[in-house]
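Chemist:
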Amino acid sequence: KQEVTQIPAALSVPEGENLVLNCSFTDSAIYNLQWFRQDPGKGLTSLLLIQSSQREQTSGRLNASLDKSSGRSTLYIAASQPGDSATYLCAPAGDDYKLSFGAGTTVTVRA
Amino acid sequence: GAVVSQHPSRVICKSGTSVKIECRSLDFQATTMFWYRQFPKQSLMLMATSNEGSKATYEQGVEKDKFLINHASLTLSTLTVTSAHPEDSSFYICSARLSGRVGSPLHFGNGTRLTVT
Chain A
3 KQEVTQIPAA LSVPEGENLV LNCSFTDSAI YNLQWFRQDP GKGLTSLLLI QSSQREQTSG
63 RLNASLDKSS GRSTLYIAAS QPGDSATYLC APAGDDYKLS FGAGTTVTVR A
Chain B
134 GAVVSQHPSR VICKSGTSVK IECRSLDFQA TTMFWYRQFP KQSLMLMATS NEGSKATYEQ
194 GVEKDKFLIN HASLTLSTLT VTSAHPEDSS FYICSARLSG RVGSPLHFGN GTRLTVT
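In the order they appear, the protein sequences are chains A and B. The working numbering puts the first residue of the first sequence at 3, with every later residue one more than the last. The working numbering puts the first residue of the second sequence at 134, with every later residue one more than the last.
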């Protein structure tokens, strides 16, 4: 059973600071890995998808890296803004496409 | 982009009644949809995999007779919580993947907040 750990559980930073969110998973035999954003009481918004053969993906201010062999992924958010405040979830997928979720990192960006 | 619509967004029902939640893929076909539930301050837990035209497969510990799943078309899956009890109160979210697109991302609905009184 895939176990996903996200560190830190919560993070509060001033606007403009760069964010580093860490994710580790126990089973390295993954198909791909997705990072999501969840606002309070809302569903999930997909941010980035990294295939198991890739090392990183970038979208705007977001960059996600993947080290499959060591079971780690990191999400970097550059020049954070108050609108980035949300919970960020890491979810590796097996070859059955089922996602396993971590508990998330709750980010607060202070104006 | 791919859109998944979930309805209703919020429902309050009395204990013992049944509630149906719909999950639709609006602009793509999805042979497979997934149902998750999320308790406050906790992560999402997969409940079941919904397969178009066949029976759903349930994760260990999920009662299939309580959480009825129907996936009658390539764009619609429904989850019915039967004889709901207060402990079924939770946030239910569905997700779908584009058919035939190996490695494509999962897209999620906005979730349904179920409160059983």
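No residue lacks a Cβ here, since even glycine has one placed at the ideal position from N, Cα and C.
1) Output yes or no for whether 7 Å exceeds the beta carbon distance between S151 of chain B and T213 of chain B.
2) Can you grab the Cα-Cα spacing for the pair R39 of chain A / T76 of chain A, in whole Å?
3) Run through the segment 53 to 113 of chain A for me and flag every whole beta strand (DSSP E) of 3 or more residues, listed as ranges in chain order.
4) Can you name, in chain order, every residue of its own chain whose Cβ lies under 7 Å from the Cβ of E192 of chain B, other than the five neighbours on each side?
5) Return the Cβ separation of L64 of chain A and L49 of chain A in integer angstroms, given the expectation that the two are a contact with Cβ distance under 8 Å.
6) For Y90 of chain A, go through chain B and note every residue whose CB falls closer than 7 Å to its CB, in chain order.
7) Could you check whether E19 of chain A and S82 of chain A sit closer than 7 Å to each other, using their CB atoms as the reference points?
8) On a Cα-Cα basis, can you pick out the residue from A:G73, A:G85 and A:S72 that is closest to S14 of chain A?
9) Between which residues of its own chain and Q53 of chain A is the CB-CB distance below 6 Å, once the five residues before and five after are set aside?
10) If you run the structure through DSSP and keep just helix, strand and coil, what is E196 of chain B?
11) Who are K3 of chain A's beta bridge partners in DSSP?
12) In the structure shown, what three-state DSSP assignment does P219 of chain B receive?
13) Does any residue of chain B have a CB that is nearer than 7 Å to the CB of A36 of chain A?
14) Taking Cβ to Cβ, would you say T215 of chain B is nearer than 7 Å to K199 of chain B?
Modeler: Taking the structure as given:
1) Locating residue 151 of chain B in the second sequence gives position 18, where the first residue counts as 1. Locating residue 213 of chain B in the second sequence gives position 80, where the first residue counts as 1. Yes.
2) Your numbering for residue 39 of chain A matches position 37 in the first sequence. Your numbering for residue 76 of chain A matches position 74 in the first sequence. Their Cα atoms are separated by approximately 14 Å.
3) 58 to 61, 64 to 69, 74 to 79, 88 to 95 and 107 to 112
4) Residue 192 of chain B sits at position 59 when you count from the first residue of the second sequence. Counting only Cβ-Cβ distances below 7 Å, and skipping sequence neighbours, we find L179, M180 and A181.
5) Translated into positions along the first sequence, residue 64 of chain A becomes position 62. Translated into positions along the first sequence, residue 49 of chain A becomes position 47. Yes, they are in contact, since the Cβ atoms of L64 of chain A and L49 of chain A sit about 6 Å apart, within 8 Å.
6) For the purposes of this step, residue 90 of chain A is identified with residue 88 of the first sequence, where counting begins at 1. Result: empty, since nearest Cβ-Cβ is about 12 Å, beyond 7 Å.
7) Here the question's residue 82 of chain A lines up with position 80 in the first sequence. Here the question's residue 19 of chain A lines up with position 17 in the first sequence. The answer is yes: Cβ separation under 7 Å.
8) Taking the first residue of the first sequence as 1, we reach residue 14 of chain A at position 12. For S14 of chain A, the nearest C-alpha among the options comes from A:G85.
9) Numbered from its first residue, the first sequence carries residue 53 of chain A at position 51. Answer for Q53 of chain A: N34, listed in chain order.
10) For this step, residue 196 of chain B is matched to residue 63 along the second sequence. Three-state result, E196 of chain B: coil.
11) In the first sequence, counting from the first residue as 1, residue 3 of chain A sits at position 1. Answer by DSSP bridge pairing: none, since K3 of chain A is not bridged.
12) For the purposes of this step, residue 219 of chain B is identified with residue 86 of the second sequence, where counting begins at 1. Three-state DSSP puts P219 of chain B in a helix.
13) The count along the first sequence starts at 1 and reaches residue 36 of chain A at position 34. Note on residue identity: the sequence assigns Gln, not Ala, to residue 36 of chain A. Yes - at least one Cβ of chain B is within 7 Å of the one on Q36 of chain A.
14) Here residue 215 of chain B is taken as the residue at index 82 of the second sequence, counted from 1. Here residue 199 of chain B is taken as the residue at index 66 of the second sequence, counted from 1. In contact: T215 of chain B and K199 of chain B (Cβ atoms closer than 7 Å).
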